[in-house]
Structures are given as structure tokens and as C-alpha cells.
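Some notes on the structure that comes next.
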Amino acid sequence: MISWNTTVHSYSPVVTYSPGGAWQTVSSNDTNGFALYQHDNDDYMTTNTTNATAEFSFTGTGVWIFGKRGTNHGEYLVTLDGISNPSNRNTTPPFRSLLFGTNDLPFGEHIVHITNSPSDGSLVNLDIDY
């Protein structure tokens, strides 16, 4: 069987963000002096709302979620096909960091959720790049 990867950017309409208004798109038009080029395609989705969720359905054998890790980024929870996978909070590397990944799923349709679940009130950000 031939294998291939498909990149789905954070702003794609196939990614569902909830609740409404909890997620914001940060793009090259909103840089305010920030080095946005360090994000894929010069944009990303961000939230600081507890329990804000991004959901994505896919058909395949693997999935990887990349985002930013930093000193103000907290814990998150990834649920894949109903099974929870707690995050490993880490601040390095900060950009284009692997937030979650697996490549040993049975071929078929899967659903992945990533939920902002900070345990510390000062570490509340979750950024998703692709």
C-alpha cells in the first residue's frame, strides 16, 4: 500500500473549533512585531479558554498535531477515538512542536480532539499550527 501525508492547516474548515469565539486566528496581518514566520504558513489558531476544543476527522493510520510550546502554554488533552492521551507539557522546542502523534492506528476513519486543559491558571495558552 502506498503511504502519504496530507497537511491540514489550523485554519482549514475541516477542523471544528468550539466553543464559538474561544479560538482566534493569528495571521501575518496581526504580527505586532512577533516572529510569525516561525509558524507554518505564517498563521496559527490560539485559545486561552479552558476546555476549548479542536476536532478533526480523518481516514488513515496516523495523525500528528503540531503547535507552539512556551512558558505561557499549559497542559492539553488529546482524545483519539475516545481514548484520552494526557499531554507532556514541555517548553522546547517552542515552534512547530509535535503536540501529539501516532502512526500505528488500524486503517479507517478516526476522530481526534485536542482540548485546552490548563492545571495552572497562569499557563493557559494552546496554539495549533497544523
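Each residue of the sequence shown is one higher than the last, beginning at 128 in our numbering.
All residues carry an ideal CB built from backbone N, CA and C; glycine is no exception.
In this text the structure is predicted, and so the values were computed from the model without any measurement.
About 12 Å separates the CB atoms of L232 and W191; that is not less than 8 Å, and the two are not in contact. Residues Y171, T173, G194 and K195 of the same chain have their beta carbon placed closer than 6 Å to that of D254, with the five preceding and five following residues left out of the count.
In this structure, S145 is the residue among D256, N132, S145 and N230 with its C-alpha nearest to the C-alpha of T177. For a cut-off of 8 Å, the C-beta gap from V205 to N212 is around 5 Å, short enough to register as a contact. In this structure G201 is buried. Its beta-carbon is surrounded by 16 or more other beta-carbon atoms within 10 angstroms.
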